[in-house]
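Have a look at the structure below before the remarks.
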DNA sequence: GCCAACGTTGGC
DNA sequence: GCCAACGTTGGC
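Residue numbers (the numbering used here): -14 to 138.
Structural data, given as structure tokens:
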């Protein structure tokens, strides 16, 4: 079992949006970064843990826990013309972009903010979220980091 | 709104 | 294959 952190802008899709979806599950479309895609394709298994992270907002941080609900499969939005995530170079017979289904588990009792995580940096050596210049929307989380972060709740 | 960091594109 | 230009991310 692996652990991940997945970013979403709450103005676009928040933890409450996920909780309100049918079956509390959403197809995580729109990932257009090869590293993030490869994490989904090569690393994710059903049942993996996910920290749901709110980015680009007033208090960026981890707001909830979710699970991976499917293995990776082609992201249909890459083929939809006029769609925000349309990719004219992707062919149905050779999909370029993948997604996974993500299922809501619970909200944290409180947001564990990026500022707080930075303050805990000494206890989280190598945590990619805290690395300079990190922009990846999907980040692997080591089990010891996962466990430690949950003790902060 | 600013800007640093980073990925991608495309000319050469 | 290099690298400048450009676009995007995301914290602040």
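Note that the Cβ used here is the ideal one computed from N, Cα and C, for glycine as well.
What number of angstroms, rounded off, separates the C-alpha of residue 107 from the C-alpha of residue 38? For this step, residue 107 is matched to residue 122 along the first chain. For this step, residue 38 is matched to residue 53 along the first chain. The alpha-carbon atoms of residue 107 and residue 38 are separated by roughly 21 Å.
Evaluate residue 103 with the Cβ neighbour count: other Cβ atoms within 10 Å of its Cβ, from every protein chain shown; 16 or more gives buried, anything less gives exposed. Taking the first residue of the first chain as 1, we reach residue 103 at position 118. Exposed, since its Cβ has fewer than 16 Cβ neighbours within 10 Å.
Do the segment 53 to 71 and the segment 5 to 16 meet, that is, are 3 or more Cβ pairs less than 8 Å apart? Result yes; three or more Cβ-Cβ pairs closer than 8 Å.
What residue ranges within the segment -11 to 46 form continuous alpha helix (DSSP H) runs of no fewer than 4 residues, ordered along the chain? Whole alpha helix (DSSP H) segments, 4+ residues: 0 to 4 and 19 to 23.
I'd like to confirm the pairing. Which residues does DSSP put opposite residue 80 in its beta bridges? Numbered from its first residue, the first chain carries residue 80 at position 95. In the DSSP secondary-structure assignment, residue 80 is not bridged to any residue.
Check this for me: beta carbons of residue 49 and residue 97, under 7 Å apart or not? The sequence position of residue 49 within the first chain is 64, counting from 1. The sequence position of residue 97 within the first chain is 112, counting from 1. No, they are not a contact pair.
So, at 7 Å on beta carbons, what are the nonlocal neighbours of residue 20 in its own chain, with the 5 sequence-adjacent residues on each side left out? As a first step, residue 20 is located in the first chain; it is residue number 35 there, counting from the start. The residues are 121.
Cα-Cα separation between residue 2 and residue 111, rounded to whole angstroms: As a position in the first chain, residue 2 is number 17, starting the count at 1. As a position in the first chain, residue 111 is number 126, starting the count at 1. Inter-residue distance for residue 2 and residue 111 is about 31 Å (C-alpha atoms, whole angstroms).
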